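Residue numbers (the numbering used here): 4 to 299. Backbone N, C-alpha and C define an ideal beta-carbon position, used for all residues, glycine too. As the structure is a prediction and not an experimental result, all values here were calculated from the model.
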């Protein structure tokens, strides 16, 4: 954080909109607070009692007076002019829920993502910023299917209930909140004029290892499907394909999918409770799943 924080301070001071900067601390045991205090009153400090990862934003958002909130990870550095391009789309369109920047690696050259597409392949949901032809859209503003950091309309964020703790410790919670936003007719935008620098997945791989991260990703993929998808052809395809895919996962020496499926099974009741709430609110079938996948 000590390396990246100065880039945020500079960006806030150069922004064309009134802005303030705070660090949300997820119960860290390092010297983060000392780093923040070294900036005096230019950086605020918001301590959390426990590490809820992105779900910490759910608790913090209602306490903030601003209408637009920009959430960023501590392993991100930003371009000095990254803020204004994130804010302008909200002023032009009241249906914008979320705007995410173009993300480069810390070498400041390699494209990492945030223009994301998704769909269903062999019965299972997928999303990627490396979809066929992705390079052609890197520098073009567009819709995106997910993004773990960017600018949010606070009122809409709170209306959605923020990030769903069903997915803790993380993965797919960003797809979930964007998908629910699309179901309400809102928009999630990719804005390449805003640029940040990030090494994706480093914290997760450090905590869980690459295979452990894959297991969590698969587990949460299934939870996402059971909670959010309503198209009967997609759900029928899942039932058709998943026995073969889980079996192949086990015999191929790549068991992460099968392990993720088994870990997801005990959470089916939680996923279905959330699904029932979406249905009761009229948001499960409000916009067809394939319409969302096809429009992004």
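Residue nearest to residue 198 in terms of C-alpha spacing, selected from 192, 89, 15 and 299: Against the chain shown, residue 198 aligns to sequence position 195. The residue with the shortest Cα to Cα distance from residue 198 is 89.
Might you give, ordered along the chain, the residues of its own chain that have their beta carbon closer than 7 Å to the beta carbon of residue 50, omitting 5 neighbours on each side? One-based indexing of the chain shown puts residue 50 at position 47. Within the same chain, residue 50 has close Cβ partners 28.
Judging by CA-CA distance, which residue of 236, 218, 57 and 235 is the nearest neighbour of residue 368? Coverage of the chain is limited to positions 4 through 299, which leaves residue 368 absent and any answer about it impossible.
In whole angstroms, give me the CA-to-CA distance for residue 242 and residue 63. Within the chain shown, residue 242 is the residue found at index 239, counting from 1. Within the chain shown, residue 63 is the residue found at index 60, counting from 1. Their backbone Cα atoms lie some 39 Å apart in a straight line.
For residue 26, write down the residues that DSSP places opposite it in a beta bridge. Working through the chain shown from its first residue, we reach residue 26 at position 23. Paired residues: 48.
Run through the DSSP bridge pairs and tell me what residue 101 is partnered with. Translated into the one-based positions of the chain shown, residue 101 becomes position 98. Answer is 155 and 191, bridged to residue 101.
Where does residue 241 fall in DSSP's three states? Taking the first residue of the chain shown as 1, we reach residue 241 at position 238. In this structure, residue 241 counts as helix in the three-state DSSP scheme.
Taking C-alpha atoms, which residue in 149, 180, 172 and 131 lies nearest to residue 165? As a first step, residue 165 is located in the chain shown; it is residue number 162 there, counting from the start. Taking only the C-alpha atoms, the option nearest residue 165 is 180.
Can residue 157 and residue 289 be called in contact, C-beta distance under 7 Å? Residue numbering aside, residue 157 sits at position 154 when the chain shown is read from its first letter. Residue numbering aside, residue 289 sits at position 286 when the chain shown is read from its first letter. In this structure, residue 289 does not lie closer than 7 Å to residue 157 by Cβ.
Can you name the start and end residues of the beta strand (DSSP E) that residue 60 belongs to? Mapped onto the chain shown, residue 60 falls at position 57. Counting along the chain, residue 60 falls outside any beta strand (DSSP E), though it belongs to the alpha helix (DSSP H) covering 59-63.
Note the first and the last residue of the continuous alpha helix (DSSP H) segment covering residue 274. Counting from one through the chain shown, the residue named residue 274 turns up at place 271. Unbroken alpha helix (DSSP H) run through residue 274: 271-283.
Inspect the CB distances between the segment 257-274 and the segment 208-226 and report whether three or more fall short of 8 Å. Output reads yes: the segment 208-226 touches the segment 257-274.
Cβ contact (3+ pairs, closer than 8 Å) linking the segment 120-132 and the segment 231-245: Touching, yes.
Would residue 274 and residue 226 qualify as a contact pair, given that the criterion is a beta-carbon distance under 7 Å? Numbered from its first residue, the chain shown carries residue 274 at position 271. Numbered from its first residue, the chain shown carries residue 226 at position 223. Yes, Cβ-Cβ distance for residue 274 and residue 226 is below 7 Å.
At least three beta-carbon pairs within less than 8 Å, the segment 31-49 to the segment 128-147: Not touching, per the Cβ criterion.
In three-state DSSP terms, what is residue 130? For the purposes of this step, residue 130 is taken as residue 127 along the chain shown, with counting starting at 1. Strand at residue 130.
Give the C-beta separation of residue 141 and residue 195 to the nearest angstrom, bearing in mind that I take them to be a contact with Cβ-Cβ under 8 Å. Here residue 141 refers to the residue found at position 138 when the chain shown is read from its first residue. Here residue 195 refers to the residue found at position 192 when the chain shown is read from its first residue. For residue 141 against residue 195, the beta-carbon gap comes to about 6 Å, under 8 Å, which counts as contact.
Whose C-beta lies closer than 8 Å to the C-beta of residue 276 among residues of the same chain, with five residues either side of it excluded? Looking up residue 276 in the chain shown gives position 273. Contacts found: none.
Do you know offhand how far residue 69's Cα is from residue 254's? In the chain shown, counting from the first residue as 1, residue 69 sits at position 66. In the chain shown, counting from the first residue as 1, residue 254 sits at position 251. The alpha-carbon atoms of residue 69 and residue 254 are separated by roughly 52 Å.
Span of the alpha helix (DSSP H) around residue 115: As a first step, residue 115 must be located in the chain shown, where it is residue number 112. Segment 114-116 is the beta strand (DSSP E) holding residue 115; no alpha helix (DSSP H) there.
Does the Cβ of residue 66 have 16 or more other Cβ atoms within 10 Å, making it buried, or fewer, making it exposed? Your numbering for residue 66 matches position 63 in the chain shown. By the neighbour-count rule (16 or more Cβ atoms within 10 Å), residue 66 is not buried but exposed.
Beta-carbon proximity list for residue 52, same chain, < 7 Å, skipping 5 on both sides: As a position in the chain shown, residue 52 is number 49, starting the count at 1. Only 30 meet the Cβ criterion.
Residues in its own chain within less than 7 Å of residue 237 by CB, not counting five upstream and five downstream? Here residue 237 corresponds to residue number 234 of the chain shown, with the count starting at 1. Excluding positions up to five away in sequence, the list reads 123 and 292.
Element boundaries [alpha helix (DSSP H), containing residue 121]: The residue labelled residue 121 in the question sits at position 118 within the chain shown. Residue 121 -> not in any alpha helix (DSSP H); beta strand (DSSP E) instead, spanning 120-124.
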